[in-house]
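S.K.: Under our numbering, the letters of the sequence shown match residues 56 to 553, in that order. Below is one structure. I have some questions about it.
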Amino acid sequence: MKKILFLFITGLTFSVSHSQEVSDAVRYAQDNLTGTARFRAMGGAFGAVGGDLSALTVNPAGSAIFNNNQVGVTFSNQNIKNNSNYFGTQTSEKENSFILNQAGGVFVFNNPNNNWKKIAIGATYENTNNFNNQVFSAGTNPTNSVDQYFLTYANGIPLNVIADVPYRDLFYDEQQAYFGYKGYVINPVSNDPNNTQYTSNVPAGGNYYHENEIYTSGYNSKVSFNIATSFKDRIYFGANLNVHVTDFRRSSSFYEDNSNPLEPTETISNLRFNNDLYTYGNGFSFQLGAIGKVTEAFRVGIAYESNTWYELYDEVTQSLQTTRQADGGQPIHENINPNVVNVYESYTLQTPAKWTFSGALVFGKSGLISVDYSIKDYSNTKYKPTSDPGFRGLNGDISNQLTSNGELRIGGEYKINRLSLRGGYRFEGSPYKNGSTIGDLNSYSGGLGYSFGSTKVDLAYSYLEKKSNQGFFATGFTDGANISSKLNNVSLTLLFEL
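What follows is the structure, given as C-alpha coordinates:
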(Lines of atoms letter the chains of each structure in order from A and count residues from 1; the text may use other names and numbers.)
(Lines give C-alpha, C1' and ligand atoms only; values in the text may rest on other atoms or scores of the structure.)
Protein backbone atom coordinates (compact mmCIF):
# COMPACT_ATOMS: atom_id res chain seq x y z
CA MET A 1 0.00 0.00 0.00
CA LYS A 2 1.16 3.52 -0.74
CA LYS A 3 1.62 5.77 2.28
CA ILE A 4 0.52 9.39 1.94
CA LEU A 5 1.68 12.05 4.39
CA PHE A 6 -0.89 14.78 4.98
CA LEU A 7 0.64 18.19 5.66
CA PHE A 8 -1.08 21.11 7.33
CA ILE A 9 -1.92 23.89 4.84
CA THR A 10 -2.32 27.39 6.23
CA GLY A 11 -5.78 28.82 5.75
CA LEU A 12 -7.75 25.61 5.74
CA THR A 13 -10.27 25.08 8.51
CA PHE A 14 -9.65 21.37 8.82
CA SER A 15 -7.09 19.80 11.15
CA VAL A 16 -4.43 17.41 9.95
CA SER A 17 -6.34 14.44 11.33
CA HIS A 18 -9.93 14.07 12.41
CA SER A 19 -9.66 10.37 13.14
CA GLN A 20 -9.21 10.80 16.91
CA GLU A 21 -12.15 10.26 19.25
CA VAL A 22 -12.87 10.73 22.95
CA SER A 23 -12.53 6.97 23.44
CA ASP A 24 -8.97 7.11 22.06
CA ALA A 25 -8.03 9.61 24.76
CA VAL A 26 -9.59 7.44 27.49
CA ARG A 27 -7.63 4.43 26.27
CA TYR A 28 -4.36 6.13 27.17
CA ALA A 29 -5.61 8.04 30.22
CA GLN A 30 -7.03 5.01 32.07
CA ASP A 31 -4.74 2.84 34.19
CA ASN A 32 -4.88 -0.93 34.35
CA LEU A 33 -3.68 -2.92 37.34
CA THR A 34 -0.58 -4.84 36.28
CA GLY A 35 2.71 -5.72 37.94
CA THR A 36 4.07 -8.42 40.20
CA ALA A 37 1.90 -11.27 41.44
CA ARG A 38 2.04 -9.98 45.02
CA PHE A 39 0.99 -6.52 43.85
CA ARG A 40 -1.94 -7.89 41.82
CA ALA A 41 -3.05 -10.31 44.52
CA MET A 42 -3.36 -7.42 46.99
CA GLY A 43 -5.33 -5.20 44.59
CA GLY A 44 -2.41 -2.84 44.01
CA ALA A 45 -2.82 -1.28 47.48
CA PHE A 46 0.87 -0.52 48.04
CA GLY A 47 1.03 3.26 48.34
CA ALA A 48 2.05 3.15 52.00
CA VAL A 49 3.58 -0.34 51.99
CA GLY A 50 6.45 -0.26 49.50
CA GLY A 51 8.97 -3.08 49.40
CA ASP A 52 7.63 -4.46 46.11
CA LEU A 53 8.92 -3.85 42.59
CA SER A 54 5.48 -2.74 41.41
CA ALA A 55 4.86 -0.62 44.51
CA LEU A 56 7.23 1.87 42.87
CA THR A 57 4.59 2.55 40.19
CA VAL A 58 2.16 3.76 42.88
CA ASN A 59 4.56 5.57 45.22
CA PRO A 60 8.23 5.91 44.21
CA ALA A 61 9.25 6.19 47.87
CA GLY A 62 8.46 2.47 48.17
CA SER A 63 11.92 1.39 46.98
CA ALA A 64 13.48 2.80 50.16
CA ILE A 65 11.53 0.21 52.17
CA PHE A 66 13.68 -2.56 50.67
CA ASN A 67 16.41 -3.92 52.94
CA ASN A 68 18.20 -5.93 50.25
CA ASN A 69 18.86 -5.82 46.52
CA GLN A 70 16.12 -7.54 44.57
CA VAL A 71 15.40 -8.40 40.94
CA GLY A 72 12.32 -10.11 39.56
CA VAL A 73 10.27 -11.03 36.52
CA THR A 74 6.53 -11.62 36.10
CA PHE A 75 4.57 -13.51 33.46
CA SER A 76 0.82 -13.23 33.01
CA ASN A 77 -1.91 -15.08 31.18
CA GLN A 78 -4.98 -13.00 30.41
CA ASN A 79 -8.36 -14.31 29.29
CA ILE A 80 -11.15 -11.88 28.45
CA LYS A 81 -14.75 -12.67 27.52
CA ASN A 82 -17.01 -10.03 26.01
CA ASN A 83 -20.77 -10.63 26.04
CA SER A 84 -22.64 -8.32 23.67
CA ASN A 85 -26.32 -7.37 23.59
CA TYR A 86 -27.44 -5.45 20.51
CA PHE A 87 -31.20 -4.82 20.49
CA GLY A 88 -31.84 -8.11 22.27
CA THR A 89 -29.46 -10.32 20.28
CA GLN A 90 -26.76 -11.95 22.42
CA THR A 91 -23.28 -12.75 21.12
CA SER A 92 -19.98 -13.62 22.79
CA GLU A 93 -16.25 -13.58 22.00
CA LYS A 94 -13.12 -14.65 23.90
CA GLU A 95 -9.45 -13.71 23.66
CA ASN A 96 -6.48 -15.26 25.45
CA SER A 97 -2.92 -13.91 25.61
CA PHE A 98 0.33 -14.64 27.42
CA ILE A 99 2.81 -11.81 28.06
CA LEU A 100 5.92 -10.73 29.94
CA ASN A 101 4.12 -8.46 32.34
CA GLN A 102 6.86 -7.00 34.54
CA ALA A 103 10.60 -7.03 35.14
CA GLY A 104 12.94 -4.94 37.21
CA GLY A 105 15.31 -4.52 40.07
CA VAL A 106 16.11 -2.38 43.09
CA PHE A 107 19.58 -1.86 44.55
CA VAL A 108 19.96 -0.60 48.13
CA PHE A 109 22.94 1.35 49.45
CA ASN A 110 22.95 1.50 53.27
CA ASN A 111 24.56 4.24 55.36
CA PRO A 112 23.82 3.40 59.01
CA ASN A 113 26.06 6.18 60.36
CA ASN A 114 23.97 8.94 58.82
CA ASN A 115 20.42 10.19 59.44
CA TRP A 116 19.75 9.43 55.77
CA LYS A 117 19.92 5.70 56.33
CA LYS A 118 19.83 4.44 52.78
CA ILE A 119 19.53 5.27 49.09
CA ALA A 120 17.70 2.94 46.72
CA ILE A 121 18.00 3.00 42.96
CA GLY A 122 15.64 0.99 40.79
CA ALA A 123 14.53 0.37 37.23
CA THR A 124 11.35 -1.43 36.20
CA TYR A 125 9.49 -2.37 33.04
CA GLU A 126 5.73 -2.96 33.04
CA ASN A 127 3.23 -3.83 30.35
CA THR A 128 0.67 -1.33 31.64
CA ASN A 129 -2.04 -2.23 29.15
CA ASN A 130 -2.55 -5.36 27.08
CA PHE A 131 -4.77 -4.40 24.15
CA ASN A 132 -5.35 -7.94 22.81
CA ASN A 133 -9.14 -8.21 22.61
CA GLN A 134 -12.04 -8.93 20.30
CA VAL A 135 -15.73 -8.04 20.37
CA PHE A 136 -18.50 -9.24 18.07
CA SER A 137 -21.97 -7.70 18.09
CA ALA A 138 -24.97 -8.57 15.92
CA GLY A 139 -28.66 -7.80 15.85
CA THR A 140 -31.46 -5.95 14.10
CA ASN A 141 -31.67 -2.20 14.58
CA PRO A 142 -35.36 -1.22 14.35
CA THR A 143 -34.70 2.37 13.33
CA ASN A 144 -31.25 3.56 12.30
CA SER A 145 -28.95 2.84 9.38
CA VAL A 146 -25.25 3.57 9.00
CA ASP A 147 -26.20 5.94 6.18
CA GLN A 148 -26.38 8.65 8.86
CA TYR A 149 -22.62 8.34 9.35
CA PHE A 150 -21.90 9.22 5.74
CA LEU A 151 -24.58 11.92 5.58
CA THR A 152 -23.24 13.67 8.68
CA TYR A 153 -19.81 13.98 7.10
CA ALA A 154 -21.02 14.79 3.57
CA ASN A 155 -23.54 17.57 4.27
CA GLY A 156 -21.73 20.86 3.84
CA ILE A 157 -19.01 19.55 1.50
CA PRO A 158 -19.29 20.61 -2.18
CA LEU A 159 -20.06 17.83 -4.63
CA ASN A 160 -17.09 18.69 -6.85
CA VAL A 161 -14.74 18.03 -3.90
CA ILE A 162 -16.17 14.58 -3.21
CA ALA A 163 -16.59 13.58 -6.85
CA ASP A 164 -13.49 15.03 -8.50
CA VAL A 165 -10.66 15.32 -5.96
CA PRO A 166 -8.52 12.16 -5.61
CA TYR A 167 -9.01 10.31 -2.32
CA ARG A 168 -5.41 10.79 -1.25
CA ASP A 169 -5.79 14.59 -1.45
CA LEU A 170 -8.90 14.72 0.77
CA PHE A 171 -9.07 15.41 4.48
CA TYR A 172 -10.52 12.80 6.82
CA ASP A 173 -14.09 14.15 6.86
CA GLU A 174 -14.04 14.52 3.07
CA GLN A 175 -12.82 10.93 2.74
CA GLN A 176 -15.81 9.66 4.71
CA ALA A 177 -18.12 11.56 2.38
CA TYR A 178 -16.16 10.15 -0.57
CA PHE A 179 -16.90 6.58 0.53
CA GLY A 180 -20.60 7.31 0.92
CA TYR A 181 -20.84 8.95 -2.48
CA LYS A 182 -18.69 6.50 -4.46
CA GLY A 183 -20.50 3.57 -2.83
CA TYR A 184 -23.93 5.06 -3.68
CA VAL A 185 -24.90 5.07 -0.01
CA ILE A 186 -25.73 8.76 -0.37
CA ASN A 187 -26.86 10.88 -3.34
CA PRO A 188 -26.45 14.62 -3.95
CA VAL A 189 -29.67 16.64 -3.89
CA SER A 190 -28.58 18.10 -7.24
CA ASN A 191 -25.75 17.56 -9.71
CA ASP A 192 -24.61 21.16 -9.33
CA PRO A 193 -20.85 21.01 -8.57
CA ASN A 194 -21.47 23.41 -5.68
CA ASN A 195 -24.18 21.26 -4.15
CA THR A 196 -23.58 20.66 -0.42
CA GLN A 197 -26.68 18.65 0.54
CA TYR A 198 -27.12 14.88 0.28
CA THR A 199 -29.84 12.29 0.82
CA SER A 200 -29.71 8.62 1.76
CA ASN A 201 -29.86 5.85 -0.79
CA VAL A 202 -30.76 3.28 1.85
CA PRO A 203 -34.48 2.43 1.76
CA ALA A 204 -36.48 3.64 4.75
CA GLY A 205 -38.45 1.26 6.93
CA GLY A 206 -36.02 0.28 9.65
CA ASN A 207 -35.16 -3.29 10.69
CA TYR A 208 -31.56 -3.07 9.56
CA TYR A 209 -29.49 -6.14 10.40
CA HIS A 210 -26.05 -5.20 11.71
CA GLU A 211 -22.83 -7.00 12.53
CA ASN A 212 -19.83 -5.25 14.06
CA GLU A 213 -16.49 -6.98 14.57
CA ILE A 214 -13.65 -5.29 16.45
CA TYR A 215 -10.18 -6.77 16.87
CA THR A 216 -7.50 -4.95 18.84
CA SER A 217 -3.90 -5.80 19.62
CA GLY A 218 -0.80 -4.16 21.03
CA TYR A 219 0.35 -2.74 24.33
CA ASN A 220 1.20 0.22 26.49
CA SER A 221 4.50 -0.18 28.31
CA LYS A 222 6.35 1.92 30.85
CA VAL A 223 10.00 1.96 31.85
CA SER A 224 10.61 3.68 35.19
CA PHE A 225 13.88 4.93 36.63
CA ASN A 226 13.60 5.30 40.39
CA ILE A 227 15.55 6.86 43.25
CA ALA A 228 14.50 6.97 46.89
CA THR A 229 15.93 7.60 50.31
CA SER A 230 14.93 7.28 53.97
CA PHE A 231 15.41 9.69 56.84
CA LYS A 232 16.02 7.86 60.15
CA ASP A 233 13.97 4.98 58.76
CA ARG A 234 10.86 7.04 59.58
CA ILE A 235 10.23 9.12 56.46
CA TYR A 236 10.84 7.92 52.92
CA PHE A 237 11.04 10.05 49.76
CA GLY A 238 11.21 8.95 46.15
CA ALA A 239 10.94 10.01 42.52
CA ASN A 240 10.38 8.27 39.18
CA LEU A 241 11.13 9.29 35.62
CA ASN A 242 8.89 7.29 33.28
CA VAL A 243 9.19 6.56 29.57
CA HIS A 244 6.00 5.29 27.92
CA VAL A 245 5.74 3.38 24.65
CA THR A 246 2.50 2.50 22.89
CA ASP A 247 1.67 0.31 19.91
CA PHE A 248 -2.05 -0.09 19.22
CA ARG A 249 -3.90 -1.68 16.31
CA ARG A 250 -7.66 -1.69 15.84
CA SER A 251 -9.41 -3.44 12.98
CA SER A 252 -13.19 -3.13 12.66
CA SER A 253 -15.68 -4.37 10.11
CA PHE A 254 -19.28 -3.17 10.08
CA TYR A 255 -21.94 -4.97 8.00
CA GLU A 256 -25.49 -3.81 7.27
CA ASP A 257 -28.23 -5.66 5.45
CA ASN A 258 -31.86 -4.68 4.92
CA SER A 259 -34.72 -6.72 3.56
CA ASN A 260 -36.98 -3.75 2.78
CA PRO A 261 -38.91 -4.04 -0.51
CA LEU A 262 -36.96 -3.11 -3.64
CA GLU A 263 -37.79 0.22 -5.22
CA PRO A 264 -37.98 1.28 -8.90
CA THR A 265 -34.62 3.02 -8.53
CA GLU A 266 -31.45 1.41 -7.29
CA THR A 267 -31.09 1.41 -3.50
CA ILE A 268 -28.53 -0.08 -1.15
CA SER A 269 -29.39 -3.61 0.04
CA ASN A 270 -26.17 -4.32 1.98
CA LEU A 271 -22.74 -2.87 2.70
CA ARG A 272 -19.54 -3.60 4.60
CA PHE A 273 -17.36 -0.79 5.93
CA ASN A 274 -13.81 -1.68 7.04
CA ASN A 275 -11.59 0.54 9.19
CA ASP A 276 -8.02 -0.10 10.34
CA LEU A 277 -6.22 2.18 12.80
CA TYR A 278 -2.58 1.95 13.85
CA THR A 279 -1.45 4.32 16.60
CA TYR A 280 2.12 4.34 17.88
CA GLY A 281 4.39 6.67 19.78
CA ASN A 282 6.00 7.40 23.10
CA GLY A 283 5.53 9.60 26.13
CA PHE A 284 7.04 10.97 29.31
CA SER A 285 5.86 11.43 32.90
CA PHE A 286 7.28 11.74 36.39
CA GLN A 287 6.21 10.78 39.90
CA LEU A 288 6.96 12.05 43.40
CA GLY A 289 6.07 10.30 46.63
CA ALA A 290 6.57 10.06 50.36
CA ILE A 291 5.84 7.44 53.04
CA GLY A 292 5.85 8.16 56.75
CA LYS A 293 5.90 5.81 59.74
CA VAL A 294 3.47 7.38 62.20
CA THR A 295 4.15 4.42 64.51
CA GLU A 296 5.94 1.14 63.96
CA ALA A 297 2.62 -0.36 62.86
CA PHE A 298 0.91 2.55 61.06
CA ARG A 299 2.16 4.09 57.82
CA VAL A 300 0.76 6.81 55.58
CA GLY A 301 1.70 7.68 52.03
CA ILE A 302 1.10 10.34 49.43
CA ALA A 303 2.10 10.27 45.77
CA TYR A 304 1.72 12.51 42.74
CA GLU A 305 1.85 11.27 39.16
CA SER A 306 2.22 14.00 36.57
CA ASN A 307 0.41 14.32 33.28
CA THR A 308 1.75 11.98 30.64
CA TRP A 309 2.75 13.76 27.45
CA TYR A 310 2.47 11.42 24.45
CA GLU A 311 3.71 12.11 20.95
CA LEU A 312 1.51 9.91 18.77
CA TYR A 313 1.18 8.97 15.13
CA ASP A 314 -1.91 7.60 13.39
CA GLU A 315 -2.19 5.49 10.26
CA VAL A 316 -5.68 4.84 8.88
CA THR A 317 -6.90 2.60 6.05
CA GLN A 318 -10.51 2.19 4.96
CA SER A 319 -12.57 0.37 2.36
CA LEU A 320 -16.26 -0.01 1.55
CA GLN A 321 -18.20 -2.70 -0.32
CA THR A 322 -21.84 -2.11 -1.28
CA THR A 323 -24.60 -3.89 -3.16
CA ARG A 324 -27.42 -1.92 -4.76
CA GLN A 325 -30.41 -3.17 -6.71
CA ALA A 326 -33.60 -1.91 -8.34
CA ASP A 327 -36.90 -3.76 -8.45
CA GLY A 328 -36.57 -6.27 -11.29
CA GLY A 329 -32.89 -5.47 -11.84
CA GLN A 330 -29.66 -7.30 -11.19
CA PRO A 331 -27.57 -6.52 -8.09
CA ILE A 332 -24.64 -4.18 -8.67
CA HIS A 333 -21.56 -4.53 -6.48
CA GLU A 334 -19.17 -1.69 -5.70
CA ASN A 335 -15.76 -2.07 -4.07
CA ILE A 336 -14.27 1.25 -3.00
CA ASN A 337 -10.73 0.50 -1.88
CA PRO A 338 -8.28 3.36 -2.48
CA ASN A 339 -5.34 1.20 -1.31
CA VAL A 340 -3.97 4.20 0.55
CA VAL A 341 -2.60 4.38 4.07
CA ASN A 342 -3.27 7.81 5.52
CA VAL A 343 -0.18 8.67 7.56
CA TYR A 344 -0.90 11.76 9.62
CA GLU A 345 1.44 14.24 11.23
CA SER A 346 2.31 13.61 14.85
CA TYR A 347 0.21 15.15 17.58
CA THR A 348 0.39 15.40 21.37
CA LEU A 349 -1.99 13.79 23.84
CA GLN A 350 -1.77 14.99 27.42
CA THR A 351 -3.39 12.59 29.89
CA PRO A 352 -4.42 13.80 33.37
CA ALA A 353 -2.36 13.83 36.56
CA LYS A 354 -3.21 11.61 39.54
CA TRP A 355 -2.97 11.90 43.34
CA THR A 356 -2.84 8.83 45.57
CA PHE A 357 -3.39 8.80 49.33
CA SER A 358 -2.53 5.67 51.29
CA GLY A 359 -2.57 4.09 54.70
CA ALA A 360 -1.34 0.75 56.00
CA LEU A 361 -1.23 -1.28 59.21
CA VAL A 362 1.82 -3.54 59.36
CA PHE A 363 1.66 -6.27 62.00
CA GLY A 364 5.36 -6.96 62.34
CA LYS A 365 6.31 -9.96 60.23
CA SER A 366 2.87 -11.58 60.40
CA GLY A 367 0.99 -9.50 57.85
CA LEU A 368 -0.55 -6.18 56.85
CA ILE A 369 -3.71 -4.36 55.71
CA SER A 370 -3.42 -1.52 53.20
CA VAL A 371 -5.76 1.00 51.55
CA ASP A 372 -5.10 3.34 48.61
CA TYR A 373 -7.38 6.00 47.19
CA SER A 374 -6.54 7.79 43.92
CA ILE A 375 -8.14 10.79 42.24
CA LYS A 376 -7.88 11.64 38.54
CA ASP A 377 -9.77 14.23 36.47
CA TYR A 378 -10.26 12.77 32.99
CA SER A 379 -11.82 16.00 31.71
CA ASN A 380 -8.31 17.52 31.82
CA THR A 381 -7.19 15.23 28.99
CA LYS A 382 -6.15 17.31 26.00
CA TYR A 383 -5.13 16.88 22.39
CA LYS A 384 -2.52 19.37 21.23
CA PRO A 385 -1.94 21.74 19.59
CA THR A 386 -5.07 23.13 21.26
CA SER A 387 -5.21 25.91 18.67
CA ASP A 388 -6.02 23.35 15.98
CA PRO A 389 -9.73 23.75 15.12
CA GLY A 390 -10.34 20.00 15.05
CA PHE A 391 -8.62 19.41 18.38
CA ARG A 392 -10.41 22.40 19.90
CA GLY A 393 -13.75 20.75 19.19
CA LEU A 394 -12.53 17.35 20.36
CA ASN A 395 -11.15 18.81 23.59
CA GLY A 396 -14.54 20.40 24.14
CA ASP A 397 -16.16 16.97 23.78
CA ILE A 398 -13.67 15.54 26.28
CA SER A 399 -14.47 18.29 28.78
CA ASN A 400 -18.22 17.76 28.32
CA GLN A 401 -18.23 13.96 28.39
CA LEU A 402 -15.52 13.03 30.91
CA THR A 403 -15.29 13.69 34.63
CA SER A 404 -13.06 13.15 37.66
CA ASN A 405 -13.29 9.82 39.45
CA GLY A 406 -11.88 7.90 42.36
CA GLU A 407 -10.15 4.55 42.56
CA LEU A 408 -10.19 2.50 45.76
CA ARG A 409 -7.73 -0.36 46.34
CA ILE A 410 -7.72 -2.58 49.42
CA GLY A 411 -5.20 -5.35 50.10
CA GLY A 412 -4.19 -7.71 52.84
CA GLU A 413 -1.46 -10.25 53.53
CA TYR A 414 -1.04 -12.91 56.23
CA LYS A 415 2.18 -14.85 56.70
CA ILE A 416 2.49 -18.39 58.03
CA ASN A 417 6.20 -19.08 58.33
CA ARG A 418 7.45 -19.08 54.74
CA LEU A 419 3.97 -19.00 53.20
CA SER A 420 2.06 -15.78 52.48
CA LEU A 421 -1.69 -15.60 51.83
CA ARG A 422 -3.03 -12.50 50.04
CA GLY A 423 -6.28 -10.92 48.93
CA GLY A 424 -7.43 -7.65 47.38
CA TYR A 425 -10.28 -5.58 46.01
CA ARG A 426 -10.31 -2.71 43.54
CA PHE A 427 -13.07 -0.29 42.52
CA GLU A 428 -12.76 2.43 39.92
CA GLY A 429 -15.55 4.83 38.98
CA SER A 430 -16.48 5.54 35.38
CA PRO A 431 -14.44 8.26 33.63
CA TYR A 432 -17.61 9.30 31.75
CA LYS A 433 -20.23 11.63 33.19
CA ASN A 434 -23.01 9.38 31.92
CA GLY A 435 -21.51 6.37 33.72
CA SER A 436 -22.46 4.02 30.88
CA THR A 437 -20.10 4.58 27.93
CA ILE A 438 -17.58 2.88 30.20
CA GLY A 439 -19.08 1.73 33.48
CA ASP A 440 -17.65 1.30 36.95
CA LEU A 441 -14.96 -1.33 37.39
CA ASN A 442 -14.91 -4.01 40.10
CA SER A 443 -12.01 -6.38 40.60
CA TYR A 444 -11.29 -9.16 43.09
CA SER A 445 -7.95 -10.86 43.57
CA GLY A 446 -6.09 -13.40 45.64
CA GLY A 447 -2.82 -15.22 45.71
CA LEU A 448 -0.01 -16.78 47.66
CA GLY A 449 3.73 -16.65 47.89
CA TYR A 450 6.49 -18.87 49.20
CA SER A 451 9.96 -17.85 50.30
CA PHE A 452 12.88 -20.22 49.77
CA GLY A 453 15.21 -17.70 51.39
CA SER A 454 16.89 -15.63 48.72
CA THR A 455 14.39 -16.84 46.12
CA LYS A 456 10.64 -16.19 46.23
CA VAL A 457 7.77 -17.42 44.09
CA ASP A 458 4.43 -15.58 43.99
CA LEU A 459 1.20 -16.56 42.27
CA ALA A 460 -1.89 -14.38 41.82
CA TYR A 461 -5.36 -14.63 40.33
CA SER A 462 -7.51 -11.58 39.60
CA TYR A 463 -11.02 -11.21 38.24
CA LEU A 464 -12.33 -8.01 36.72
CA GLU A 465 -15.73 -7.05 35.35
CA LYS A 466 -17.09 -3.91 33.78
CA LYS A 467 -19.81 -2.83 31.38
CA SER A 468 -19.66 -0.43 28.46
CA ASN A 469 -21.76 0.94 25.63
CA GLN A 470 -19.71 2.68 22.99
CA GLY A 471 -21.25 3.51 19.66
CA PHE A 472 -20.02 1.62 16.63
CA PHE A 473 -19.17 5.06 15.19
CA ALA A 474 -18.60 8.34 17.01
CA THR A 475 -20.46 10.52 14.50
CA GLY A 476 -23.84 10.29 12.83
CA PHE A 477 -24.68 6.66 13.52
CA THR A 478 -23.86 6.32 17.22
CA ASP A 479 -25.89 3.24 18.18
CA GLY A 480 -23.85 0.56 19.94
CA ALA A 481 -24.10 -2.68 21.85
CA ASN A 482 -24.14 -3.21 25.60
CA ILE A 483 -20.87 -5.01 26.36
CA SER A 484 -20.23 -6.95 29.55
CA SER A 485 -16.53 -7.73 29.88
CA LYS A 486 -15.07 -10.31 32.27
CA LEU A 487 -11.31 -10.62 32.56
CA ASN A 488 -9.38 -13.40 34.31
CA ASN A 489 -5.66 -13.02 34.90
CA VAL A 490 -3.09 -15.41 36.35
CA SER A 491 0.36 -14.01 37.17
CA LEU A 492 3.57 -15.73 38.26
CA THR A 493 6.54 -13.84 39.71
CA LEU A 494 10.08 -15.04 40.38
CA LEU A 495 12.08 -12.86 42.79
CA PHE A 496 15.76 -13.07 43.68
CA GLU A 497 17.50 -11.28 46.53
CA LEU A 498 21.12 -10.45 45.77
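In this text, a Cβ means the ideal position worked out from N, Cα and C, and glycines have one as well. Here the structure is a predicted model, which is why all the values come from computation and not from measurement.
#1: Between Asp534 and the rest of its own chain, which residues show a CB-CB distance below 7 Å, the 5 nearest in sequence each way excluded?
#2: Could you tell me the distance, in whole angstroms, from the CA atom of Leu553 to the CA atom of Gly502?
#3: Return helix, strand or coil for Phe205, following the three-state DSSP convention.
#4: According to DSSP, is Leu88 part of a helix, a strand, or is it coil?
#5: Could you name the residues that DSSP lists as bridge partners for Glu311?
#6: Determine the DSSP secondary structure at Asp452, reduced to helix, strand or coil.
#7: For the alpha helix (DSSP H) containing Phe234, list its first residue and its last residue.
#8: I need the DSSP call for Arg379, collapsed to helix, strand or coil.
#9: List in chain order: all unbroken beta strand (DSSP E) runs of 3+ residues lying wholly within the segment 151-225.
#10: Tell me the rounded alpha-carbon separation between Gly422 and Gly451.
#11: How would you call Leu550, buried or exposed, if buried means at least 16 neighbouring beta carbons within 10 angstroms?
#12: Rounded to whole angstroms, what is the Cα-Cα separation between Gly467 and Asn313?
#13: Looking only at its own chain, which residues have a Cβ that is under 8 Å from the Cβ of Tyr239, when we skip the five neighbours before and after it?
#14: To the nearest angstrom, how far is it from the Cα of Thr403 to the Cα of Ser361?
#15: Measuring straight from C-alpha to C-alpha, what distance separates Pro386 and Tyr141?
#16: Can you find at least 3 beta carbon pairs, one from the segment 201-214 and one from the segment 159-172, that sit closer than 8 Å?
#17: Sort out for me which residues DSSP pairs Val104 with in a bridge.
#18: How big is the Cα-Cα spacing for Tyr274 and Gly383?
#19: What does DSSP give as the partner residue(s) for Tyr518 in the beta ladder?
#20: Might you give, ordered along the chain, the residues of its own chain that have their beta carbon closer than 6 Å to the beta carbon of Arg304, omitting 5 neighbours on each side?
#21: Would the beta-carbon of Phe412 fall within 7 Å of that of Ile357?
#22: Using 8 Å as the threshold, is the segment 108-122 in touch with the segment 433-442, meaning 3 or more CB pairs across them?
#23: With Ile424 as the anchor, note down where its beta strand (DSSP E) starts and where it stops.
#24: If we call anything under 7 Å between Cβ atoms a contact, is Glu181 one with Lys277?
#25: For Ser459, which residues from the same chain have a beta carbon less than 6 Å from its beta carbon, with the 5 sequence-adjacent residues on both sides left out?
#26: Whose C-alpha, out of Ala80, Lys420, Thr183, is nearest the C-alpha of Val298?
#27: DSSP on Asn256, reduced to helix/strand/coil?
#28: According to the neighbour-count rule (16 or more other Cβ atoms, all chains shown, within 10 Å of its Cβ), is Gln75 buried or exposed?
#29: Would you tell me roughly how many angstroms separate the C-alpha atoms of Thr441 and Thr284, rounded to the nearest one?
#30: Would you tell me roughly how many angstroms separate the C-alpha atoms of Pro407 and Ala84, rounded to the nearest one?
#31: When burial is assigned at 16 or more other CB atoms within 10 Å of the CB, is Ile135 buried or exposed?
#32: I need the straight-line Cα distance from Val300 to Asn315, nearest angstrom please.
#33: Express the C-alpha separation of Asn122 and Asn537 in angstroms, rounding to a whole number.
#34: Give me whichever residues DSSP pairs with Asp288 in a beta bridge.
#35: Taking just the CA atoms, how far does Leu449 sit from Gln456?
#36: Between which residues of its own chain and Gly260 is the CB-CB distance below 7 Å, once the five residues before and five after are set aside?
M.R.: If we stick to the structure as given:
#1: Asn196, Asn199, Gly526, Phe527
#2: 24 Å
#3: helix
#4: coil
#5: His265, Leu326
#6: helix
#7: 227-237
#8: strand
#9: 171-185, 188-196
#10: 48 Å
#11: buried
#12: 55 Å
#13: Asn256, Glu321, Ile323, Thr377, Arg379, Glu389
#14: 15 Å
#15: 29 Å
#16: no
#17: None; Val104 has no bridge partner.
#18: 51 Å
#19: Tyr499, Asn543
#20: Ser272, Gly273, Tyr333
#21: yes
#22: no
#23: 422-432
#24: yes
#25: Asp432
#26: Thr183
#27: coil
#28: buried
#29: 39 Å
#30: 7 Å
#31: buried
#32: 49 Å
#33: 49 Å
#34: Its beta-bridge partners do not exist; DSSP assigns none.
#35: 10 Å
#36: Asn315
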